[in-house]
Every structure is written in C-alpha cells, then in structure tokens.
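Student: Here the protein sequences line up with chains A and B, keeping their order.
Here my numbering is used: the first residue of the first sequence is 18, the next is one more, and so on.
Here my numbering is used: the first residue of the second sequence is 18, the next is one more, and so on.
Number of protein chains: 2
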Amino acid sequence: MARSTTAADGNGRADGRVRLIDLARLAGVTPSVVSAVLGGRAGDGPGTGSGTVRVGAATAARIHALAARRGYRPDAAAQALKGCPSTVIGVLIGAESTLANYERLAAVERLADERGHRLMIGQLHDDPARTADYLRDFRARGIAALLCFHNPAPRCDAVLRNLFREFLPADAPLGHAHGLVFQTHSPIRGAHVVDVDRAEGVRQAVAHLLAQGRRRLALVLNAPPAADPLMADRWQGFIAGLAEAGRKPNPRRVWHGDGTFPPVPEQAAAAVRAVVDAGGADAIIASNDIWAMALLRILRRRGRAVPDNVAVIGMDNLYAAALFDPALTTIGQNNAAFARAVLDLLVPPAGGAPIPPGQHITVPPELVLRETG
Amino acid sequence: MARSTTAADGNGRADGRVRLIDLARLAGVTPSVVSAVLGGRAGDGPGTGSGTVRVGAATAARIHALAARRGYRPDAAAQALKGCPSTVIGVLIGAESTLANYERLAAVERLADERGHRLMIGQLHDDPARTADYLRDFRARGIAALLCFHNPAPRCDAVLRNLFREFLPADAPLGHAHGLVFQTHSPIRGAHVVDVDRAEGVRQAVAHLLAQGRRRLALVLNAPPAADPLMADRWQGFIAGLAEAGRKPNPRRVWHGDGTFPPVPEQAAAAVRAVVDAGGADAIIASNDIWAMALLRILRRRGRAVPDNVAVIGMDNLYAAALFDPALTTIGQNNAAFARAVLDLLVPPAGGAPIPPGQHITVPPELVLRETG
DNA sequence: CTGAAAGCGCTTACAG
DNA sequence: CTGAAAGCGCTTACAG
Numbered sequence: 018m019a020r021s022t023t024a025a026d027g028n029g030r031a032d033g034r035v036r037l038i039d040l041a042r043l044a045g046v047t048p049s050v051v052s053a054v055l056g057g058r059a060g061d062g063p064g065t066g067s068g069t070v071r072v073g074a075a076t077a078a079r080i081h082a083l084a085a086r087r088g089y090r091p092d093a094a095a096q097a098l099k100g101c102p103s104t105v106i107g108v109l110i111g112a113e114s115t116l117a118n119y120e121r122l123a124a125v126e127r128l129a130d131e132r133g134h135r136l137m138i139g140q141l142h143d144d145p146a147r148t149a150d151y152l153r154d155f156r157a158r159g160i161a162a163l164l165c166f167h168n169p170a171p172r173c174d175a176v177l178r179n180l181f182r183e184f185l186p187a188d189a190p191l192g193h194a195h196g197l198v199f200q201t202h203s204p205i206r207g208a209h210v211v212d213v214d215r216a217e218g219v220r221q222a223v224a225h226l227l228a229q230g231r232r233r234l235a236l237v238l239n240a241p242p243a244a245d246p247l248m249a250d251r252w253q254g255f256i257a258g259l260a261e262a263g264r265k266p267n268p269r270r271v272w273h274g275d276g277t278f279p280p281v282p283e284q285a286a287a288a289v290r291a292v293v294d295a296g297g298a299d300a301i302i303a304s305n306d307i308w309a310m311a312l313l314r315i316l317r318r319r320g321r322a323v324p325d326n327v328a329v330i331g332m333d334n335l336y337a338a339a340l341f342d343p344a345l346t347t348i349g350q351n352n353a354a355f356a357r358a359v360l361d362l363l364v365p366p367a368g369g370a371p372i373p374p375g376q377h378i379t380v381p382p383e384l385v386l387r388e389t390g
Numbered sequence: 018m019a020r021s022t023t024a025a026d027g028n029g030r031a032d033g034r035v036r037l038i039d040l041a042r043l044a045g046v047t048p049s050v051v052s053a054v055l056g057g058r059a060g061d062g063p064g065t066g067s068g069t070v071r072v073g074a075a076t077a078a079r080i081h082a083l084a085a086r087r088g089y090r091p092d093a094a095a096q097a098l099k100g101c102p103s104t105v106i107g108v109l110i111g112a113e114s115t116l117a118n119y120e121r122l123a124a125v126e127r128l129a130d131e132r133g134h135r136l137m138i139g140q141l142h143d144d145p146a147r148t149a150d151y152l153r154d155f156r157a158r159g160i161a162a163l164l165c166f167h168n169p170a171p172r173c174d175a176v177l178r179n180l181f182r183e184f185l186p187a188d189a190p191l192g193h194a195h196g197l198v199f200q201t202h203s204p205i206r207g208a209h210v211v212d213v214d215r216a217e218g219v220r221q222a223v224a225h226l227l228a229q230g231r232r233r234l235a236l237v238l239n240a241p242p243a244a245d246p247l248m249a250d251r252w253q254g255f256i257a258g259l260a261e262a263g264r265k266p267n268p269r270r271v272w273h274g275d276g277t278f279p280p281v282p283e284q285a286a287a288a289v290r291a292v293v294d295a296g297g298a299d300a301i302i303a304s305n306d307i308w309a310m311a312l313l314r315i316l317r318r319r320g321r322a323v324p325d326n327v328a329v330i331g332m333d334n335l336y337a338a339a340l341f342d343p344a345l346t347t348i349g350q351n352n353a354a355f356a357r358a359v360l361d362l363l364v365p366p367a368g369g370a371p372i373p374p375g376q377h378i379t380v381p382p383e384l385v386l387r388e389t390g
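Structure below.
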C-alpha cells in the first residue's frame with residue numbers, strides 16, 4: 018500500500034489523518050504560521066512580545082477554527098523528536114502493593130489529565146533487573162517524569178540508581194525529564210519525596226479516641242519501630258497524641274509483629290491477646306486497614322463488641338474499609354492532596370519559580386470516621 | 018545549552034544518551050547495519066532469507082554486546098515517526114467504576130509487559146466530549162490499540178463512534194492501530210468484545226449451592242433483567258443451573274432493584290425481607306460483591322447466620338471480598354484469562370493467522386469458595 | 001514581517 | 001553485499 022503524498026491530496030492524507038501541513042494548505046499559509054498560532058507563539062499588533070510571531074487576528078482565528086473542526090492534534094512523535102517536552106508521566110507501582118496505590122493512581126490521573134498529561138504505568142516486582150528494564154524503556158519513550166509508588170531501596174543497586182538519576186531534571190537531556198517523585202523514601206539524592214504524615218494521622222486518631230473518653234489506647238504495629246521507619250512514624254504520633262493529654266503509652270498496650278504482611282490470623286490473635294486481654298485496651302490503632310480488619314475478625318470471634326467494648330482505627334482508607342461490616346474508621350491517605358503535591362512537583366504551573374531538587378512534601382492525612390471508632 | 022554534535026563527540030552525546038549512530042561509530046559499521054542487527058533483520062551465511070541483510074556473525078555479536086553494555090534502546094519517537102508499529106496500548110477506565118477494573122488493569126499490564134507493550138491510561142466520566150478528547154489524544158500519540166473498561170454506549174454520539182472507529186485495524190493509518198476491545202459491549206461494529214461468562218458463573222454457583230443441599234435459592238439483581246443485559250445474563254445462568262437439577266426459579270425468591278448502584282441500606286433490607294423473610298431463601302446469589310456485602314450486613318443485623326442459615330455468593334472477587342468478615346464466596350472475574358484474551362486480540366503473536374474483526378470472546382469465570390457459601 | 005530549510009533519530013528503499 | 005540518502009511530521013533558527 019503506497020501513501021498518497023501527491024499534490025492532488027491537497028486537504029489531507031488518504032487515511033484521513035490531518036497533518037499540520039494539511040491545515041496550512043487549507044488556510045493558505047505556511048506551516049510555520051500554523052505551528053506558531055496553535056502553539057500560542059503568535060501575536061497581533063505592536064504590543065507583541067519577543068519570541069512571538071506576528072499573525073493577523075483573522076488568520077489566527079481561521080486556523081484555530083480549522084484545527085478544531087478537523088480535530089487536529091500535532092503528532093506527538095514528531096514533537097518529541099524535535100525536542101518538545103513530553104507530556105507523559107511514567108508511574109511505577111509495586112506489584113505486591115495493595116490496591117491503595119491504584120486508588121491513588123486514579124487521583125493522580127484525574128489531575129494529570131487536567132494539566133494535559135497522560136500516565137504510562139508499570140509494575141515492579143522487587144527485581145532490580147526488571148525495574149531497570151522499565152526505566153530504560155521509559156527513557157527511550159521520552160517520559161517527562163517518573164512517579165514511583167514503591168520503595169526500591171532495599172534492592173537498589175548502582176545500575177538502578179544511575180537509571181533513576183536520569184529522570185532528575187539536572188541530569189536530564191535538555192529538559193526531557195521534569196522530575197522524579199518517590200513515595201515515603203528515595204534511594205537517591207535529589208529526587209522528591211511526597212509522603213503522607215502518618216505521625217500526624219495517628220496523633221489525630223489518638224486525640225479523637227481520647228475525646229470519646231477512651232483511656233486505654235493500644236497501638237498494633239506490623240514491625241518494630243526500630244526496624245521500619247514507617248512504623249516509627251506511627252509510634253511517634255502515638256506518643257505525641259498521648260503527650261498532648263499529659264499521658265504516656267503503656268508498654269502492655271503496644272504490640273508489634275515481625276514485619277510479615279498481610280498478617281496471618283495467629284498474629285492478629287496474638288495482638289488481641291496482648292493488648293486487649295492482657296493490656297485491657299479500650300481502643301486499638303492498627304498499622305493499616307488490613308491489620309484493622311484482621312483484628313476486627315478476632316475481636317468478633319472473642320465476643321468483644323466494636324466499638325462499644327473496643328474501638329479500632331485503621332490507616333489507608335481502602336475502598337474495602339467503607340464496605341467492611343462494621344465500616345472502618347480509618348486514617349485516610351488523602352489521595353487528592355497527594356496527587357496535587359505530586360503534580361505541582363512534576364508539572365509545575367508555567368511561570369512559577371523553579372523547584373529545588375530533593376523536596377520532601379508531607380501531605381496531611383484525613384481521619385475518616387465510620388463505625389469502628 | 019548547545020548540543021555537541023561535533024565529530025569529536027564520537028562515542029555518545031554530551032548528555033550521555035546513546036543513539037544508534039553512536040553505536041555504529043563504536044562498532045565501525047554504518048547505522049543501517051546496526052538497525053538491521055538490533056531489529057532482527059540481519060542474517061549470516063547463504064541460507065539467509067529475503068528481506069534480511071547479510072551481516073557477519075562476529076559483527077552482529079559485537080553490536081549486540083555494545084548495545085547491551087550501553088543499555089541502548091531505539092528512540093521510540095523516531096521509530097514512531099518512521100511508521101514503526103507502536104507498542105503502547107491505551108486503556109480507558111470508567112471513573113465511576115469500582116476497583117475491579119484496576120485489579121484487571123494490573124493483570125493486563127503484567128501480560129502486556131511480557132509482550133513488550135506499555136499501558137497508557139485514562140479515566141472516562143460519561144461525558145462524550147471528554148472521551149473524544151482522550152481518543153484524539155491517544156490517536157495523536159500513535160497508540161497501538163485501545164482497551165475500554167467502560168461502556169460508552171448510552172451516550173455515544175456519531176463523533177465518538179467515528180473516533181473509536183479509527184482504532185479499528187481496517188481503518189487505521191497503515192497499521193498504526195492494532196485493534197479495539199470493549200468489555201461486555203461495543204458501541205460500534207467491528208470492535209472486539211471480551212466478556213466474562215456471567216451466566217456460566219451463576220450456573221456454577223447454583224450447582225455449588227444445590228450440591229451443598231441448599232434447596233431454596235434466591236437471586237438478587239440490581240435491575241430488572243429486561244432493563245439490563247448484564248442482569249439478564251445472571252438470570253439466564255440462574256434458570257440454567259436450576260434446570261440442570263430439574264428445578265425452576267421461584268418468583269418469590271427473585272428480587273430486583275431499580276438499577277441504583279451502589280445499593281443503599283434500604284434496598285438491601287427490602288431484598289432480604291423479600292427473598293429471605295417472605296421467600297424463605299436458604300441461599301442468595303447477589304449481583305456482585307458490593308451487593309453481597311450489603312446483604313450480609315442486613316442479615317447479621319437480623320440475626321441470620323451466614324452461611325448456616327443463609328448462604329451468600331457475590332460476583333467480581335474484589336480485593337475486599339477476601340478481607341470481608343465473613344470472607345465472601347464469589348464468582349471471580351478471572352482477570353488472568355481476561356488479560357490473555359485481550360492481549361491475544363490486540364498483540365497477536367507474530368506469524369499467527371490474522372484476526373477477523375468483531376470477535377466476541379467469552380472468558381470462563383472461576384467460583385472462589387470462602388466462608389459465605 | 002514572512003517563508004524556506006534544516007534537523008530531531010530512526011528505518012528502508014535504492015544506488016553503487 | 002555495503003553504504004549513502006530520503007523521509008516520517010513537526011518546530012525554530014535563519015535568510016529574504
């Protein structure tokens with residue numbers, strides 16, 4: 018099949034696709050003019066600034082109308098090849114992660130679309146070689162920015178770190194990459210981190226429980242605070258919340274697992290025996306919603322009424338949290354605020370101040386009150 | 018910042034990116050040879066087929082080693098501009114849809130990656146103008162294929178249908194688009210549909226419940242079968258399953274809502290009153306997991322033991338189904354099989370027979386037995 | 001102020 | 001059998 022690129026084909030290609038040159042022919046101007054008008058680089062009258070091209074208002078209007086009527090969009094590949102900044106954000110999601118990241122992905126997509134960007138996704142499997150493949154592929158595709166919903170630090174070798182660095186603006190080829198955002202932790206210097214303020218979330222939960230008259234608060238952690246910074250955050254928030262009321266944590270009501278996730282029933286049972294049976298807790302703050310659900314299951318089997326007997330508060334506000342019976346009170350991850358922070362870093366509004374590397378943004382959590390506490 | 022494209026820059030650009038021409042210089046061959054070798058179009062010896070280029074085995078090995086060592090990937094924009102087939106699949110997801118589609122998305126991504134493809138995502142909002150924007154954007158980006166996790170039919174105007182048609186292989190510009198797959202229903206002729214066999218899923222659920230000794234089976238539908246083809250499927254499966262045991266549905270144990278979703282507690286309560294209190298049901302097949310959870314909530318409040326008193330089976334196998342207490346028995350959507358069917362249509366293995374337009378593939382469901390039935 | 005021309009990085013038909 | 005050259009659709013520095 019031969020392409021018809023003869024002069025007879027004056028108003029479009031055989032396959033119906035409209036190119037800039039077709040628009041130019043139809044409007045009776047040169048491609049340069051169409052490019053300038055549609056790219057917003059055309060002005061009219063003497064007040065026109067530098068860098069713009071003088072095009073009559075009538076001509077500009079005609080070109081805009083033509084482009085709209087034909088549904089013209091400049092070919093992304095041609096623009097990319099010419100060096101125009103990409104409008105695709107790569108998003109890497111830990112494959113083993115819960116659906117919380119997909120809920121967050123949806124929030125990011127919504128906002129990215131508003132700012133004219135698309136998301137290209139990939140799943141990571143804790144395998145540095147496969148992660149490197151994704152990064153090389155994203156680089157070859159000219160990805161504008163990278164968002165990583167996964168902590169590759171534990172298995173991040175030098176090769177991988179170098180590949181991540183290519184998405185830093187400073188090292189990027191001619192502004193090809195706009196930035197790199199990690200969640201909670203970055204394996205390299207210079208990348209941004211957007212994190213939810215877990216400590217503040219737990220602090221709010223503590224304050225809420227105390228205001229309800231609960232006095233024997235328990236904390237159930239997935240791992241020892243010393244072994245996991247994310248657990249340390251929860252622990253700090255727990256201490257801070259109690260301190261505000263002149264209280265201190267009771268060690269009998271602080272339990273931690275060995276890092277196994279999701280918890281097996283035996284672990285949840287052990288936690289309940291420790292903080293409720295032995296510790297006398299009237300409220301439990303769990304590491305996350307999955308843990309909270311596991312605890313609720315045990316509490317029900319042991320005849321402990323929730324929330325009358327024991328309140329339970331989770332973290333993440335999974336979609337499942339609202340469906341659970343009883344519906345879970347939880348520390349929400351505030352996906353909308355997260356998405357805004359990420360996009361303000363990766364797609365800053367034009368004309369804003371440049372963003373220094375290595376920003377660490379903390380997003381406030383939102384306590385979502387339902388039935389369990 | 019000026020690009021250094023001088024001859025002195027013999028082994029790469031200043032920014033570290035490696036181009037095909039750099040590889041050619043390093044290997045001491047012309048770009049044509051490198052392109053042929055890396056593209057698998059190079060052969061050696063007299064047995065070389067047509068369309069291939071003769072390149073010595075040693076030279077080919079040297080080029081492969083060089084490319085691997087430098088982490089070379091051809092620039093996707095340049096390949097796209099040259100007319101090479103794209104390896105990006107666009108995925109449109111209904112924004113109002115439950116997370117089931119994101120779980121499915123993950124399954125599709127896993128398989129697409131194995132076949133060298135990336136996913137670019139977008140969310141639809143039941144707004145034809147915004148959907149059209151996504152389609153034009155995907156077209157401009159040279160998307161290889163489109164997968165639509167959303168039924169745009171109710172508000173699909175002529176403009177939108179024409180835009181969808183551009184992703185059909187027949188109308189596509191020179192093989193740019195490989196295909197178009199909808200879920201459950203296509204608004205245009207020629208597109209493929211991949212669907213889960215809901216009727217078969219319900220039939221299996223009925224057989225399972227009968228084998229357990231349940232005899233008073235109920236069906237709770239979100240909408241009248243006549244108003245919603247997806248509900249009609251469930252109804253057909255229900256009849257078929259009962260017929261296999263020489264039984265017929267009892268109208269007192271078939272309830273349907275008015276299409277409102279998700280159900281409000283009053284609707285779930287009405288359904289329980291109808292099929293359990295009045296109908297005497299000892300098992301309920303719900304339209305989906307969300308409905309099943311709503312029913313379980315009501316049953317618990319009314320002191321009906323599940324599954325001893327009444328079994329409940331959902332559909333979708335949401336992530337939340339496994340977390341629920343009691344864990345939900347459900348008709349799973351078999352995301353792995355769904356993903357395989359979609360990719361066999363959109364990225365058929367090389368050398369296979371061409372796929373006729375308008376395929377309708379039905380994926381078998383999988384009954385997931387847990388605690389509720 | 002307008003228009004022709006170069007060039008982004010590839011692939012491939014074509015000339016030597 | 002090998003290598004130079006054209007061209008994909010844009011944008012932009014440059015010449016008229």
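Backbone N, C-alpha and C fix where the C-beta goes; we use that ideal spot for every residue, glycine too.
Since we're looking at a predicted model, the values are computed, not measured.
Does the CB of D299/B have a neighbour CB from chain A at under 8 Å?
Tutor: It does not: the Cβ of D299/B has no partner Cβ on chain A nearer than 8 Å.
Student: Give the interface partners of H159/A over in chain B, defined as CB-CB distance under 7 Å, in chain order.
Tutor: Reading off the sequence shown, one finds Gly at residue 159/A, where the question assumed His. By Cβ distance, chain B contributes A93 and A94.
Student: Using a C-beta to C-beta distance shorter than 8 Å, which residues of chain B count as neighbours of F199/A?
Tutor: Within 8 Å Cβ-Cβ: nothing; F199/A doesn't reach chain B, min ~20 Å.
Student: Keeping to the same chain, check which residues put their C-beta closer than 6 Å to that of G390/B; ignore five residues upstream and five downstream.
Tutor: For G390/B, where only same-chain residues beyond five positions count, the Cβ hits under 6 Å are P324, A328, V329, I330 and T346.
Student: Output, in chain order, the set of chain A residues within a Cβ distance shorter than 9 Å of R42/B.
Tutor: Here the premise fails: no neighbours, minimum Cβ distance about 19 Å.
Student: Would you tell me roughly how many angstroms separate the C-alpha atoms of R34/A and N179/B, rounded to the nearest one?
Tutor: Going from the Cα of R34/A to the Cα of N179/B covers about 13 Å.
Student: In or out: P381/B buried (at least 16 other Cβ within 10 Å) or exposed?
Tutor: P381/B is exposed by the Cβ-count criterion.
Student: Under 7 Å: does the beta carbon of F184/A sit that close to some heavy atom of the ligand MG?
Tutor: You won't find the ligand MG in this model; it holds no ligand whatsoever.
Student: Could you tell me whether any Cβ in chain B is nearer than 8 Å to the Cβ of I302/A?
Tutor: Chain B contact via Cβ: absent.
Student: Determine the direct distance from the alpha carbon of P282/B to that of L37/A, and round the result to whole angstroms.
Tutor: Cα-Cα distance, rounded: 56 Å.
Student: Does M332/B come within less than 8 Å of chain A when only Cβ atoms are used?
Tutor: Not an interface residue.
Student: From A285/B to F355/B, what distance separates their C-alpha atoms?
Tutor: Going by the C-alpha atoms only, they are around 30 Å apart.
Student: Reducing DSSP to helix, strand and coil, say where T104/A ends up.
Tutor: It is coil, neither helix nor strand.
Student: Does the stretch 212-226 of chain B come close enough to the stretch 251-266 of chain B to have 3 or more Cβ pairs within less than 8 Å?
Tutor: Short answer: they touch.
Student: For G107/A, collect the residues of the same chain with a Cβ closer than 6 Å to its Cβ; drop the 5 residues on either side in sequence, then sort them by chain order.
Tutor: If we look at G107/A and ignore the five residues flanking it on each side, its Cβ neighbours are M137, F155, I160 and L163.
Student: Leaving out the 5 sequence neighbours to the left and right, which residues in its chain are closer than 7 Å to R172/A when beta-carbon positions are compared?
Tutor: Taken in chain order, the residues that qualify are D143 and P145.
Student: Checking the sheet assignment: what are the DSSP bridge partners for F199/B?
Tutor: Paired residues: C165/B and V210/B.
Student: Which value, in whole angstroms, describes the spacing of the CA atoms of I307/B and T201/B?
Tutor: For I307/B and T201/B, the distance between alpha carbons rounds to 19 Å.
Student: Does the beta-carbon distance from Q350/A to L362/A come in below 8 Å?
Tutor: For Q350/A and L362/A, no; Cβs fall outside 8 Å.
Student: Taking contact to mean at least 3 C-beta pairs separated by less than 8 Å, is the stretch 108-120 of chain A in contact with the stretch 87-101 of chain B?
Tutor: Touching, no.
Student: Give the straight-line distance between the Cα atoms of L386/B and G297/A, rounded to the nearest whole angstrom.
Tutor: Roughly 36 Å between the two C-alpha positions.
Student: Are the beta-carbon atoms of R233/B and D299/B separated by less than 8 Å?
Tutor: Yes; because the gap between Cβ atoms is below 8 Å, this pair is in contact.
Student: Helix, strand or coil for E383/B, going by three-state DSSP, please let me know.
Tutor: In the structure shown, E383/B sits in a strand (DSSP, three-state: E or B).
Student: Along the alpha helix (DSSP H) that carries I372/A, what are the first and last residues, could you check?
Tutor: Here I372/A belongs to no alpha helix (DSSP H), and DSSP marks it neither H nor E.
Student: Out of R264/B, V211/B, N239/B and A249/B, which has the shortest C-alpha to C-alpha gap to A224/B?
Tutor: If we check each option's Cα against that of A224/B, R264/B comes out closest.
Student: When the Cα atoms are used, what is the spatial distance from P48/B to L55/B?
Tutor: If you take the alpha carbons of P48/B and L55/B, they lie about 11 Å apart.
Student: Check the Cβ-Cβ distances between I378/B and every residue of chain A, and say whether any is below 8 Å.
Tutor: It does not; no Cβ of chain A falls within 8 Å.
Student: According to DSSP, is L345/A helix, strand or coil?
Tutor: It is coil, neither helix nor strand.
Student: Quick one: residues in its chain with C-beta nearer than 6 Å to the C-beta of G207/A, no 5 flanking neighbours on either side, listed in chain order?
Tutor: Cβ within range, chain order: L185, P374 and G375.
Student: Between which two residues does the alpha helix (DSSP H) holding R156/B run?
Tutor: Per DSSP, R156/B belongs to the alpha helix (DSSP H) from P145 to A157.
Student: For G139/B, which residues in chain A fall below 9 Å Cβ to Cβ?
Tutor: E126, D130, R135 and L136, listed in chain order.
Student: With burial defined as no fewer than 16 other Cβ atoms inside 10 Å of the residue's Cβ, what is the status of A59/B: buried or exposed?
Tutor: Buried: at least 16 other Cβ atoms inside 10 Å.
Student: Nearest to I315/B by alpha carbon, out of S304/A, A295/A, P343/A and R290/A?
Tutor: The residue with the shortest Cα to Cα distance from I315/B is P343/A.
Student: Hey, A149/A and L122/A: beta-carbon distance below 8 Å or not?
Tutor: No, the pair does not count as a contact, with Cβ atoms beyond the cut-off.
Student: Between R314/A and chain B, is any beta-carbon pair separated by less than 8 Å?
Tutor: At least one chain B Cβ lies under 8 Å of R314/A.
Student: Please classify P366/B as buried or exposed, where buried requires at least 16 other C-beta atoms within 10 Å of its C-beta.
Tutor: Classification for P366/B: exposed.
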